[in-house]
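This report refers to the structure that appears directly beneath it.
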Amino acid sequence: MEQPDMIPQSSLIDLTRQTDVAFWCRVFDLDMAELRDAVHHAGHEVAEVRRWLERHPPARH
3 MEQPDMIPQS SLIDLTRQTD VAFWCRVFDL DMAELRDAVH HAGHEVAEVR
53 RWLERHPPAR H
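Going by our numbering, the residue at position 5 of the sequence shown is 7; the numbering climbs one at a time, nothing skipped.
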């Protein structure tokens, strides 16, 4: 059984795995829609998503 706090073993964000989504949402302080949007624009590589988010931070209300 996977542990929810387990660090993903890949440098890719797998949006089909709930544990990956939950982990990367916490790491980047995003909700699921924001993470999906970032992956849509930057691709699945963690480093590219991080760079994209630095240039395009999500709007906070």
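A virtual CB, placed ideally from N, CA and C, is assigned to each residue, including glycine.
Query, Result
"DSSP beta-bridge partners of Leu14", "Glu47"
"Where the alpha helix (DSSP H) through Ala24 begins and ends", "20 to 30"
"Helix, strand or coil at Ala40 [DSSP, three-state]", "helix"
"Inter-residue CB distance, Leu14 and Phe30 (contact presumed, cutoff 8 Å)", "Their Cβ separation, rounded to whole angstroms, is 14 Å, which puts Leu14 and Phe30 out of contact at 8 Å."
"Under the three-state DSSP convention, the category Ala61 falls into", "coil"
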